[in-house]
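Visitor: Quick one: structure below, then a few questions.
Residue numbers (the numbering used here): 309 to 383.
Set out below in structure tokens:
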């Protein structure tokens with residue numbers, strides 16, 4: 309935030325430059341789509357929720373791989 313209380317986003321900087329309107333529009337669209345994300349387990353059960361400590365680490369990938377291929381005892 310700036311000292312006047314405004315958000316200092318790249319979009320504000322880009323508006324002062326001479327950019328093609330479609331480039332500016334694409335950036336605005338990308339920012340808006342990120343702000344519109346709403347992750348809620350109750351309202352949207354199809355969303356995937358992963359605890360941050362398990363998010364995309366080599367250890368987690370290895371655990372998932374081993375769990376997937378683990379042979380269950382039969383009989």
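Quick reminder that beta carbons are idealized off the backbone N, C-alpha and C, glycines included.
This one's a predicted model, so the numbers in the text were calculated from it and none came from an experiment.
Between the alpha carbons of residue 381 and residue 368, how many angstroms are there, rounded?
Guide: In this prediction, residue 381 scores a pLDDT of 48, lower than 50, which makes its location untrustworthy; no coordinate-derived value is stated.
Visitor: With DSSP run on the structure shown, which of helix, strand or coil describes residue 340?
Guide: The answer is helix: DSSP assigns residue 340 an H, G or I state.
Visitor: For the alpha helix (DSSP H) holding residue 372, just list the boundary residues, first then last.
Guide: Counting along the chain, the alpha helix (DSSP H) containing residue 372 begins and ends at 366 to 377.
Visitor: Nearest-angstrom Cα distance between residue 321 and residue 376?
Guide: Cα to Cα, the separation comes out at about 48 angstroms.
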